[in-house]
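Novice: In terms of this note's numbering, the sequence shown opens at residue 462 and continues consecutively.
We treat Cβ as the ideally placed atom computed from N, Cα and C, and that holds for glycine.
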Amino acid sequence: MANPKTMELPVLPLRGMLVFPGTVLHFDIARPRSIAALEQCMTGKQKLLLLTQKREEDEEPKPEDLYMVGTVVNVRQVMNLPGENIRVLVEGEVRALVQNFQEKENYLQATVQISKDRIVRSNEGKAMVRTAQDLFEEYAKSSQRISQDMVEGLRTLEKPGEIADLLAAHILQKWQEKQEMLSELDPLKRLEKVCGVLVRETDLADTEKEIQSRIRKSVERNQKDYYLREQLRAIQNELGEEEEGDEHGYRKRMEETPLNEEARAKCEKEIDRMSRIAPGSPEYIVSETYIDWILDMPWGKETEDNLDLARAREILDREHYGLDKVKERIIEYLAVLRMKKNMKGPILCFVGPPGVGKTSIVKAIAEAVDRKFVRMSLGGVRDEAEIRGHRKTYIGSMPGRIITGMKQAGSMNPVFLFDEIDKMASDFRGDPASAMLEVLDAEQNNAFRDHYMEIPFDLSKVMFITTANSRETIPEPLLDRMEIIEVPSYTEEEKLQILKRHLMPKQLAEHGMAPGTVTMDEEIMRSMIEGYTREAGVRTLERTAAKICRKAAVYLLENEAESVHVDAERLHAFLGAVRYTREPLEQEARVGIVNGLAWTSVGGETLEVECIPMPGKGNLKLTGQLGDVMKESAEAAFSWVRAHSGELGLEEDFYTKTDIHVHLPEGAVPKDGPSAGITMTTAFVSALTGKKVRQDVAMTGEMTLRGRVLPIGGLKEKTLAAYRAGIRILIIPKENHKDLEEIPSYVLEHFEIIEVEEIQQVLDTALVQA
Ligand code: ADP
């Protein structure tokens, strides 16, 4: 009104709370100054001024620590509590603004100006009131904290300020926000602010409700699933179908399987996990697959070894012709096994060209000792995970091939063959060779860990055997653990025997024909070997034999015959035109052309080195199939020739005017580059001096810069190639003399063999002396 009222009142400071006009509240007081203020008020009009502290923690707030807007309250009730505490019940009467404070003896007093709300009559005010009532009703629906009575009570109020205060008291959570509302003296503005809060709180309450209902649903669903499963279990139990919690019979199987401790624990855990997830869900299937893997492994299953050596020898002989050294070594190995009764020995590694029977002899070993046989090809394996598996956390992950192989074997002690161990590669996906190292290491492999299985698996009883095409390409650390057994390529004579005794009978049987249905003379077999195959082993020969059987079968049906004899004409009819013809040996000695011998991964070959000089500046031009090593030996050869130009009868500065072009014909890439050293030197000397080279001579040997001849590898293969080419004189390094033992005498008889130590001896033999 016109003269706002002022009053003097004792002050009660409040911490973290306040009282709105029109609301009733009780609180406890204990501070002496508060109690003194209360006592003072009780002696007068029983009115107090409540002022909230700006900071809750102030123990003795000064006037400047209090808000300047507070509430005048009537004290309705005072109650002494045990101790010093006093509980006061107050009713908020009206807002008041502090004008000044007076410090009394033991309490604070303030002179205040009473602030009654102005009367609002505008339409805006009414609309605001209605809005607030509607919003509150909505809020009450969303929030479970408000009773219907209160909503209805609010509907009976009309004054915006009163409504605002009531709402602020009920919906605001923080005292700071409440103080803000108390400090707002304009009733309409106050109500507008409260409406804003209502909208915000309703939104929040809605979201809260949504979240709660979501949580409730998922909990309910889990519970429902759980109950259903429990019921199912109970029904199954009632029917006596399965053990409790053992829908798949896993627990029963687990009992029957001699798992190791870790495997048992893992399995147990996984079965428990499974019982808690919904059947058919992806996770469930992952668990199921995993348990199946564990239980399907051949835990504790072993076959009994048969170490009867006579029987083993018989089986090896029955399956393979020749290979005497190899068979002997196998028998020794089995003998040691019989004495020691454990597998801790070197791992056998059969090294040799393709098709010489490495794989099939290992199969025969398995049969000889009565063990299961599994084979894994390492050719092209570059990912460690192929050997050791992928972690279970990846979708669709599986154990590696070792574990897969063991499961397939179905016993803990199979013969496990790693084919092509020299063909592993390593790249960013890890080094498979190091995983193999662990597998093959007798000290470690009793607890092999696959990434997928995550449990140790005992590989110590497995008989590991490996094969490789060449010893050079086997990773060094693996090589250390293995005993190399060379399986050499076959001579034509051996191939003939293998064809006659093994391949033909085998193919006949495979094509359902009785022995003797297809016959041929040895001479025809020879033309079959020479004209249709060119290989170190007998793979193509076996395929060719199969082709003959197919053609023969058609012939027999068409002609209603019982048997067929294959002669030269029929061989041609069955197999088509001859594939390989032997070029007749050049009889004439020639300049600049020398027969070298190469050892390739498929056996031996003759290698014609050709060389011509031309005007130039001493450059060496190389074309054809040459690796780096080959280029180096060409350069060494050229240097030797330059250094010896005088003795060779060349002009001392010949190389300032002459270029040399060396060409090696296309063909398989030689395994050992340097062995063409003496061949190239001979070609250079011949080309530069014009002296002719004998064409019935072939040679192999590495050469040092000073002209010393060093030993080479693959002598047997090279000699066989020379034999096939019709060579008469064979030049070999003296240090290779011991290797001649391995070559059949009928082959050696064919040659004049010259063993050399110096390049001059080579030149003396190969060059036609003018
Ligand atoms: P590799 O593993 O060395 O490549 P395989 O073991 O696959 O060779 O042999 C190819 C085929 O040749 C097989 O059918 C095998 O039985 C046959 N074979 C190889 N050597 C002989 C042999 N000495 N006696 C009988 N058959 C052989």
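Where in the stretch 670-735 do unbroken runs of the alpha helix (DSSP H), each at least 4 residues long, occur, reported from the N-terminal end onward?
Specialist: The stretch 670-735 contains these whole alpha helix (DSSP H) runs: 711-717.
Novice: Is the beta carbon of L1032 less than 8 Å from the beta carbon of S988?
Specialist: It is a contact, given that the beta carbons lie within the stated cut-off.
Novice: What are the uninterrupted segments assigned as beta strand (DSSP E) that are 3 or more residues long and contained completely in the stretch 929-1000, given in chain order?
Specialist: Fully enclosed beta strand (DSSP E) runs of 3 or longer: 943-947 and 979-981.
Novice: Got a sec? Which residues, its chain only, sit under 7 Å from L1209 by beta carbon, not counting five neighbours each side?
Specialist: The answer, listed in chain order, is L1201.
Novice: Should H1026 go down as buried or exposed, given a rule of 16 or more other Cβ atoms within 10 Å for buried?
Specialist: Exposed: under 16 other Cβ atoms inside 10 Å.
Novice: When every heavy atom of the ligand ADP is checked, does at least one fall within less than 7 Å of the C-beta of T820?
Specialist: Checking every heavy atom of the ligand ADP against the Cβ of T820, one is found closer than 7 Å.
Novice: The ligand ADP and L784: does the residue's C-beta get closer than 7 Å to at least one heavy atom of that ligand?
Specialist: Yes, the beta carbon of L784 sits closer than 7 Å to at least one heavy atom of the ligand ADP.
Novice: Looking only at its chain, what residues have a beta carbon closer than 6 Å to the beta carbon of R492, apart from the 5 residues adjacent to it on each side?
Specialist: Cβ within range, chain order: n/a, list empty.
Novice: Skipping 5 residues on each side, what residues in its chain have a beta carbon closer than 8 Å to that of A463?
Specialist: Annotation note: pLDDT 41 at A463 (below 50); position unreliable, coordinate value reported separately. The answer is none, since no qualifying residue turns up.
Novice: Within the continuous beta strand (DSSP E) that includes R1185, where are the two ends?
Specialist: Per DSSP, R1185 belongs to no beta strand (DSSP E); it is in the alpha helix (DSSP H), L1176 to A1186.
Novice: For a quick check, are the C-beta atoms of L499 and V549 less than 8 Å apart?
Specialist: Cβ distance < 8 Å, so L499 and V549 count as in contact.
Novice: What do you reckon, is the C-beta of E915 under 7 Å from a heavy atom of the ligand ZN?
Specialist: You won't find the ligand ZN in this model; what it holds is the ligand ADP.
Novice: If I'm right that N721 touches P917 with Cβ under 8 Å, what's the distance once you round it to whole angstroms?
Specialist: Confirmed, Cβ separation roughly 7 Å.
Novice: My output table needs one value for T532: the three-state DSSP class, helix, strand or coil.
Specialist: Three-state DSSP puts T532 in a strand.
Novice: Can you check which of these residues, G1107, V1070 and E1113, is closest to K1092 by C-alpha distance?
Specialist: The shortest Cα separation from K1092 among G1107, V1070 and E1113 belongs to V1070.
Novice: According to DSSP, which residues form a beta bridge with N1056?
Specialist: According to DSSP, N1056 bridges with E1069 and A1159.
Novice: My understanding is that L878 touches V900, with C-beta atoms under 8 Å, so please give their C-beta distance in whole angstroms.
Specialist: Their Cβ separation, rounded to whole angstroms, is 13 Å, which puts L878 and V900 out of contact at 8 Å.
Novice: Indicate, with yes or no, if the ligand ADP has a heavy atom lying under 7 Å from the CB of G1065.
Specialist: The answer is no for G1065.
Novice: Cβ of Q968 less than 8 Å from any chain C Cβ?
Specialist: No chain C appears in the structure shown, which is made up of a single protein chain.
Novice: Quick check on Y711: buried or exposed, where buried means 16 or more other Cβ atoms within 10 Å of its Cβ?
Specialist: By the 10 Å Cβ count, Y711 comes out buried.
Novice: Ignore the nearest five residues each way along the sequence and tell me which others in L627's own chain have a CB closer than 8 Å to its CB.
Specialist: Taken in chain order, the residues that qualify are F481, G483, T484, L615 and L618.
Novice: Please look up how many angstroms separate the CB atoms of F1145 and A1098, rounded, as I've assumed it's under 8 Å.
Specialist: Indeed they touch by this definition, with Cβ atoms about 6 Å apart.
Novice: Taking C-alpha atoms, which residue in V536, H1124, L475 and L596 lies nearest to P522?
Specialist: Nearest option by C-alpha distance: L475.
Novice: Tell me the DSSP secondary structure of R1004 in three-state form.
Specialist: Residue state, collapsed to three classes: helix.
Novice: From which residue to which residue does the beta strand (DSSP E) around T1084 run?
Specialist: Its beta strand (DSSP E) spans residues L1081 to G1085.
Novice: Please confirm whether G1057 and T1142 have their CB atoms less than 8 Å apart.
Specialist: Against a cut-off of 8 Å, the Cβ pair of T1142 and G1057 comes out as no contact.
Novice: For C1010, which residues does DSSP report across the bridge?
Specialist: DSSP, once it has assigned bridges, lists no residue as partnering C1010.
Novice: Once the 5 residues before and after E599 are set aside, which same chain residues still bring their CB inside 6 Å of it?
Specialist: So the qualifying residues of the chain are T663.
Novice: Measure the CB-CB distance between R770 and L795 and report whether it falls below 8 Å.
Specialist: The sequence given here places Leu at residue 770; Arg does not occur at that position. Closer than 8 Å, so yes.
Novice: Hey, could you find the ends of the alpha helix (DSSP H) L1209 is sitting in?
Specialist: S1206 to L1209 is the extent of the alpha helix (DSSP H) around L1209.
Novice: Between E1003 and the ligand ADP, is there a pair consisting of the residue's CB and a ligand heavy atom that are separated by less than 7 Å?
Specialist: Under cutoff, so the answer is yes.
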